[in-house]
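Sequence lines, in order, name chains H and P. To convert, take the position in the first sequence, counting from 1, and add 29; that gives our numbering. To convert, take the position in the second sequence, counting from 1, and add 29; that gives our numbering. These notes concern the structure reproduced below.
There are 2 protein chains.
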Amino acid sequence: MSRSAADPLDRHRFPIDEWRLVESSYSTDDLGASETCFAVGNGYLGMRGNPEEGRESYAHGTFINGFHETWPIHHAEEAYGFAQTGQTIVNVPDTKVLKLYVDDEPLLLADADLESYERSIDFAAGVLTRDLVWRTPAGKRVKVSSTRMVSFTERHLAIMTMEVTLLDGDAPVVISSQVLNRQDGKDEYHVKDAAMGSGFDPRKAQGFASRVLDPISTWAGDDRILMGYRCMNSEMTLGVGVDHTIVTDNPYVPMLSAENDYGKMVYRVDARAGQSIVVTKTVAYHTSKGVPARELVDRCVRTLDRVRRHGTELHHEEQKLWLDEFWANADVEIPGQPAVQQAVRWNLFQIAQASARAEQNGIPAKGVTGSGYEGHYFWDTEIYVLPFLTYTLPVMARNALRFRYQMLPSAQRRAAVLSQRGALFPWRTINGEEASAYYAAGTAQYHIDADISYALCRYVEATGDDEFMLREGVDILVETARMWADLGFWRSNGGETFNIHGVTGPDEYTTVVNNNLFTNVMAKDNLQKAADHVRRLRDLSPDGYAALADRLDLDEAEIEEWERAAAGMSIPFDENLGIHPQDDHFLDGEVWELAKTPEDHRPLLLHYHPLVIYRFQVLKQADVCMALFLQGDSFTQAEKRADFEYYDPITTGDSTLSAIVQSIIAAEVGYYEMAMNYFHAGLFVDLADLHDNASEGVHVASTGGVWAMLVHGFGGLRDHHGRVNLDPRLPTSWERLTFRLNLAGSRVRADLTSDELVLTLETGDPVTVRVRDEPVEVSGTIIVALADQGPRLQGALGTLPLISGRREDGSMITAGVPDPSLQDS
Amino acid sequence: MSRSAADPLDRHRFPIDEWRLVESSYSTDDLGASETCFAVGNGYLGMRGNPEEGRESYAHGTFINGFHETWPIHHAEEAYGFAQTGQTIVNVPDTKVLKLYVDDEPLLLADADLESYERSIDFAAGVLTRDLVWRTPAGKRVKVSSTRMVSFTERHLAIMTMEVTLLDGDAPVVISSQVLNRQDGKDEYHVKDAAMGSGFDPRKAQGFASRVLDPISTWAGDDRILMGYRCMNSEMTLGVGVDHTIVTDNPYVPMLSAENDYGKMVYRVDARAGQSIVVTKTVAYHTSKGVPARELVDRCVRTLDRVRRHGTELHHEEQKLWLDEFWANADVEIPGQPAVQQAVRWNLFQIAQASARAEQNGIPAKGVTGSGYEGHYFWDTEIYVLPFLTYTLPVMARNALRFRYQMLPSAQRRAAVLSQRGALFPWRTINGEEASAYYAAGTAQYHIDADISYALCRYVEATGDDEFMLREGVDILVETARMWADLGFWRSNGGETFNIHGVTGPDEYTTVVNNNLFTNVMAKDNLQKAADHVRRLRDLSPDGYAALADRLDLDEAEIEEWERAAAGMSIPFDENLGIHPQDDHFLDGEVWELAKTPEDHRPLLLHYHPLVIYRFQVLKQADVCMALFLQGDSFTQAEKRADFEYYDPITTGDSTLSAIVQSIIAAEVGYYEMAMNYFHAGLFVDLADLHDNASEGVHVASTGGVWAMLVHGFGGLRDHHGRVNLDPRLPTSWERLTFRLNLAGSRVRADLTSDELVLTLETGDPVTVRVRDEPVEVSGTIIVALADQGPRLQGALGTLPLISGRREDGSMITAGVPDPSLQDS
């Protein structure tokens with residue numbers, strides 16, 4: 030894809046459409062990324078955008094959230110407490126395949142003479158569509174239209190159609206609908222190692238050495254294929270069912286067959302010109318941790334029967350209605366910026382595809398669009414995705430938090446292994462057990478406990494869902510606070526402070542440090558919030574409190590211990606530079622000269638030994654700046670600006686998570702141009718494959734980050750301690766920015782222009798928000814005039830090239846004495 | 030084995046003999062440790078002390094130094110620069126087996142009715158001997174005497190004998206001499222996991238999943254069995270040859286056969302009472318990196334032919350003569366302390382067994398007595414073994430240093446991978462490639478470069494071998510200095526200092542730190558010594574210097590850069606406590622309360638996650654104290670005492686290397702009782718299996734350390750910058766300590782009593798040594814009267830229980846202000 034700073038997509042091939050991602054010509058150049066970008070899913074079931082014919086691909090992938098195989102992790106050198114159980118999302122049997130033959134010649138996109146071609150995914154309809162006209166080797170033109178949809182309303186259901194019409198003359202047509210276990214076939218996922226060049230990439234899933242899916246049952250009949258499997262090690266079970274209908278006036282013969290790992294329904298049609306053939310393939314997947322595979326097959330039958338009864342059209346209608354509601358809550362509009370608008374909607378649509386029906390599962394780093402990061406759940410969900418869900422689709426936020434609650438027993442066991450009280454959530458996991466095989470950048474990221482607590486409190490404060498907090502959420506809060514209280518220790522270092530040693534912050538280019546600023550600020554919040562909420566619940570519901578105090582063996586002394594630890598938390602600050610060191614000793618290190626690092630040595634992690642990287646002042650992703658964002662009320666504006674100016678030039682942006690925070694803080698401190706550049710770098714992570722690994726699946730955290738950059742960054746939303754405040758900073762090139770917020774069950778629309786913010790209560794009771802710290806009661810429509818938004822800093826940190834998400838000039842800036850004009854504004 | 034503080038061996042079973050290790054009754058309780066303690070070897074070939082019958086064992090092991098298989102290291106999570114090639118010493122075909130049957134009943138020690146039993150290894154004869162009288166199930170008494178010897182003079186040769194005499198009556202006797210490839214058999218090494226209890230132990234070798242030794246040729250004839258093998262991956266080749274003779278007046282039938290992996294020579298004897306049967310088994314092993322296996326088999330034939338020609342008796346005589354010379358150079362005598370004397374000689378004998386014929390190989394951590402640490406070479410050799418070799422058998426020290434020189438190209442490549450100039454020696458290796466799969470406690474120990482340079486300079490300074498330095502040694506010195514100069518960086522932190530960040534010192538309970546004191550002090554020495562020696566060589570041999578300057582692309586500017594870095598080296602010191610922090614931030618951490626750590630949670634590494642251990646002030650082994658010893662002239666006496674008092678209570682001694690240094694420094698600063706306790710803890714590491722892992726092989730570094738505790742600790746030898754000084758501190762309970770030093774080709778004997786030190790020139794030209802800083806020219810015999818040796822500190826740090834090598838009371842001592850009476854004495 031050709032790229033420019035303003036719009037990195039080749040608009041000849043990917044024309045702008047505000048409600049669709051459209052591909053107007055076929056190419057094998059970027060199969061991996063395009064399969065990801067055209068994937069369909071509902072948070073439970075996901076199908077990569079492989080072509081119907083099932084041939085050329087980077088990776089044929091179908092994934093079910095949480096459906097994984099386990100394997101023993103063999104550490105090259107073992108140590109006590111190292112993660113033991115590897116977990117990898119399984120590539121479930123592929124039902125996408127609908128092969129087409131005309132005159133016995135197969136349609137193969139890579140070779141086919143295509144008179145026309147368009148593939149698009151429609152964000153309002155929730156359907157992937159492909160239309161093409163193929164001139165066969167015999168010179169016959171064939172119109173082929175297909176659709177693929179994973180239902181948001183029927184969690185287990187996918188519907189595919191293929192319509193074939195001969196335009197020029199008669200011919201024998203064969204449509205072969207297949208079900209293929211690719212996980213265990215020669216054609217398994219990751220046959221190619223296309224993108225990265227280097228011999229390894231820790232961000233990719235590993236292959237399995239032996240069979241994963243054990244076939245339990247296979248059946249074909251009644252136009253259906255049914256298969257049951259059990260994972261060899263995890264013992265998770267799977268049922269797959271495929272149903273077929275054909276509508277045509279042409280004579281045809283159906284032939285159905287199935288064996289282990291391979292089933293097919295073949296329609297042999299004597300097609301006449303102009304007589305269409307429409308094959309509809311209805312697919313159901315059911316999975317479980319304990320239910321026998323045969324029973325899951327029965328569930329598939331019931332799903333398929335229901336679709337037979339109601340017809341597929343109903344499901345397409347429901348899909349549309351569901352998305353209408355989604356967009357009513359979640360849409361962000363940027364009128365006059367169609368390329369941005371399209372990309373924004375694609376990103377938001379991805380969050381829906383990753384989370385809508387995740388339900389008792391978490392939201393994996395790649396949603397259900399790829400096996401990158403092995404299908405694991407990370408902190409990304411809590412920090413980058415939950416804010417969006419909290420303010421637009423709070424039910425989904427609640428589900429994601431309940432998922433963590435269900436993981437609590439595993440987290441308690443993990444804390445014990447790490448010699449701590451309370452609970453320590455695993456850095457990466459599917460089944461709740463720690464699966465990080467590299468502790469320095471994994472298990473050491475204790476901050477995940479605080480991230481989860483942060484997202485929990487934010488959810489409860491924004492929605493008022495005290496019932497959830499009282500019954501389940503508070504257990505997370507208490508057990509994480511206990512971990513922090515136990516992990517830290519008091520130390521006299523110029524005053525008695527509470528110190529947290531030997532942890533890693535979000536930035537994985539510096540590991541196992543003392544008093545990581547982000548960790549300490551977040552832990553402080555975790556401890557204080559635990560105390561606050563427990564006290565609040567005691568006032569709110571004495572009975573409920575009694576139950577929880579009993580359940581958690583909680584007393585006042587412990588609550589006071591948390592408050593003391595929070596109050597005494599060590600917050601590193603360097604008086605000399607006037608900035609917050611990333612950790613106690615970060616500033617002791619040499620500064621990595623990014624300007625002297627060859628472009629072909631990026632990202633650093635693929636070209637330097639960890640020991641080398643760790644030795645320097647260089648960041649993979651924002652760390653202090655992340656704290657400035659999440660705990661913004663703990664820092665002055667002057668501090669934020671000084672910190673940003675110090676860290677931005679040494680931040681590589683080798684993580685896609687970095688640009689998001691850099692954009693938000695750049696906007697806050699006044700670097701509007703940089704904010705916009707980082708916004709673009711985040712917006713096009715997958716669409717323009719800016720990190721060369723979109724092939725592994727959608728960067729779901731980054732899609733959530735797009736919303737964050739819009740609403741937190743440009744919209745200026747902050748919600749410290751549940752107090753929603755808007756301090757807007759509309760980019761000068763934009764005429765308007767419209768977004769929605771769900772607050773305590775009411776929905777408020779915010780229309781931001783350069784000189785005013787219009788707040789409209791769309792549903793529910795009046796709510797109070799603040800605009801630049803002034804309380805505004807929103808009932809009906811309120812117009813708030815906006816004064817100038819403060820100094821506009823330009824170019825001070827150099828210019829950021831869009832495509833890499835980092836600046837060319839990596840030279841250092843000495844932050845020096847803060848600008849007095851910015852002091853504590 | 031029952032243990033007491035004074036003598037931890039059960040003297041009923043292991044009676045004291047000053048020249049032999051003797052076992053007077055058989056037990057299966059401690060097979061692993063006893064196989065190690067009764068192993069025979071010559072530094073090239075080693076055979077564990079398995080019984081002749083080849084049955085009950087912890088591990089049947091035969092090892093050849095450097096003969097290894099390679100395998101790809103699979104990191105659970107890969108990163109750039111991680112070690113790629115695993116290397117494991119191979120268990121070569123077992124030729125020790127001589128099975129005995131009487132009346133077709135096998136002799137099985139575990140079940141046998143033994144009327145008498147004695148096994149001993151003779152330190153002067155270099156032979157393992159076993160004598161027993163067996164009462165067979167049929168009630169016949171059979172005298173069985175056997176010997177096993179690995180020749181110090183014929184590197185590839187081992188000789189075994191078995192003499193069987195029926196004492197009571199006639200019977201059919203069968204002696205079956207076998208050759209078994211156990212590496213690839215069901216009976217492979219490490220069938221049992223006896224010792225450690227825990228599910229893993231990083232200090233043990235891993236098993237191979239597939240065949241290691243590919244049989245190339247097998248032949249039997251002429252009373253011989255010949256086998257050729259090639260390692261599947263490393264492609265190293267091996268020839269094994271076994272020859273037999275029998276001497277008896279009884280009629281007998283020999284039966285010879287061989288197939289892949291299994292050969293045997295069976296003697297069926299119609300034995301008459303009183304008529305002895307003597308079977309002699311002569312064994313040759315040859316190995317190579319490039320020579321075909323068949324050629325190695327030919328070499329075996331030549332070795333065996335030579336023995337046939339000369340007879341085995343000659344080799345036993347030569348063995349004795351070789352050991353006479355060894356003890357003349359190396360013996361340390363402690364008259365009146367027979368238990369200590371025995372243990373000391375066993376330890377020194379182990380160094381001979383580990384190093385005598387290592388030649389172009391290094392000295393593995395376990396010598397050739399076990400597969401612990403996979404047969405790898407570490408820094409242990411340079412720091413714990415080379416001093417002994419330098420002062421007693423300098424030719425062997427030279428060989429070990431040449432081995433490192435030959436590794437230099439690999440070390441240069443490794444430095445490049447780690448983004449450094451110069452050379453970085455691998456932390457653990459056989460073939461020169463880094464094999465440490467856990468970088469934090471492996472690759473990060475950059476100090477290995479300085480350790481090698483230190484041993485090199487010490488060797489050259491003690492022997493005057495400038496020829497070696499000029500031609501090869503200097504390359505090591507220059508390339509390591511280059512690595513340090515490139516690794517460190519200048520920083521303004523209260524004066525401009527040269528800083529080394531992100532490294533691990535000897536203590537593996539704190540990793541990847543900034544300015545590890547030991548590393549910095551050793552690197553400083555490395556840089557300065559490189560400059561000094563290069564300048565010295567320039568004066569000594571202008572031509573030689575021109576060649577080396579050209580070879581190494583060396584100029585004056587670079588030499589000056591080293592000197593600046595050395596002079597500016599950051600040496601952490603805490604004014605408040607008056608001690609040297611182990612690293613810049615060591616004192617920031619919480620102190621681990623060893624007193625509260627249950628005994629069943631030791632060693633810590635098997636019971637706590639590394640992240641937990643690293644967070645605390647707790648040591649696996651001496652670190653600062655090691656610097657106090659090796660670079661003693663850089664510290665005042667007061668500093669040494671303060672440092673020792675601070676670190677000793679938080680040193681677990683979980684490494685066997687710890688007690689050695691603790692003993693030496695305790696002796697230096699005046700804690701004589703502790704020095705003696707640590708001496709015992711080091712002396713009996715293997716003999717009393719104090720660390721529960723003697724089963725994996727002899728702790729060779731610890732055996733070298735025994736000499737160090739005697740000569741450096743009690744003898745008070747220091748040799749900073751080649752200036753040999755003796756500051757003796759004879760333990761009050763000892764009447765005398767005698768040791769020898771080889772100095773510039775002369776041998777000096779030192780006889781130390783409580784009030785005088787007698788120095789005698791045993792061979793060579795007169796030499797000058799210093800006694801308590803007074804120069805003494807030794808020619809003939811010189812008696813130096815000794816004044817009192819300073820304050821005798823007692824009990825201040827609590828008492829040290831012998832068996833664990835650590836104190837029961839782990840409570841902290843605040844070093845406080847140094848005692849002025851000790852200031853800079």
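The beta-carbon is built from N, C-alpha and C at its ideal position, and this holds for glycine as well. None of the values given here were measured: they were computed from a predicted structure.
Out of curiosity, what's the CA-to-CA distance linking residue i and residue j?
i: P/THR581; j: P/ASP613; result: According to the sequence as given, residue 581 of chain P is Leu; it is not Thr. Going by the C-alpha atoms only, they are around 34 Å apart.
i: H/ALA139; j: H/GLU354; result: 38 Å
i: H/TYR314; j: H/HIS89; result: 17 Å
i: H/GLN852; j: H/GLU668; result: For H/GLN852, the pLDDT reaches just 32, beneath the cut-off of 50, and the residue's location in the model is therefore unreliable, although a value from the coordinates is still provided. Taking the straight line from one Cα to the other gives about 8 Å.
i: H/ILE275; j: H/THR341; result: 13 Å
i: P/GLY228; j: P/VAL542; result: For P/GLY228, the predicted model reports a pLDDT of 42, less than 50, meaning its position is unreliable; a value from the coordinates is still stated below. Taking the straight line from one Cα to the other gives about 29 Å.
i: P/PHE181; j: P/ALA387; result: 10 Å
i: H/PHE152; j: H/ILE45; result: 13 Å
Between which two residues does the alpha helix (DSSP H) containing residue i stretch?
i: H/LEU129; result: Element bounds for H/LEU129: not the alpha helix (DSSP H) but the beta strand (DSSP E), 127–131.
i: P/ILE380; result: 367–384
i: H/GLU674; result: 666–676
i: P/TRP356; result: 341–359
Given that residue i touches chain C, what residues does it touch there, using C-beta distances under 8 Å?
i: H/ILE102; result: In the structure shown, chain C cannot be found, because the protein chains are H and P.
Could you name the residues that DSSP lists as bridge partners for residue i?
i: P/PRO135; result: P/TYR130
i: P/VAL813; result: P/LEU786
i: H/HIS315; result: H/GLY268
i: P/ALA200; result: P/ALA300
i: P/LEU253; result: The sequence given here has Arg at residue 253 of chain P, not Leu. P/ARG253 pairs with P/GLY250, P/ASP272.
i: H/MET191; result: H/SER175, H/VAL308
Do residue i and residue j have their CB atoms nearer than 7 Å?
i: H/LEU161; j: H/ARG177; result: no
i: P/ASP213; j: P/VAL171; result: no
i: H/ASP494; j: H/ILE412; result: no
i: H/ALA429; j: H/ILE477; result: no
i: H/ARG159; j: H/GLU144; result: no
i: H/THR782; j: H/ARG801; result: no
i: P/ARG335; j: P/SER246; result: no
Chain P partners of residue i, CB-CB under 8 Å?
i: H/ALA238; result: Result: empty, since nearest Cβ-Cβ is about 11 Å, beyond 8 Å.
Whose Cβ in chain H lies nearer than 7 Å to the Cβ of residue i?
i: P/GLY531; result: LEU640, TYR643, ARG644
i: P/ASN543; result: HIS614, ASP617
Can you give me the start and stop residues for the beta strand (DSSP E) that residue i sits inside?
i: P/MET294; result: 291–300
i: H/ARG565; result: No beta strand (DSSP E) contains H/ARG565, which is instead part of the alpha helix (DSSP H) from 546–569.
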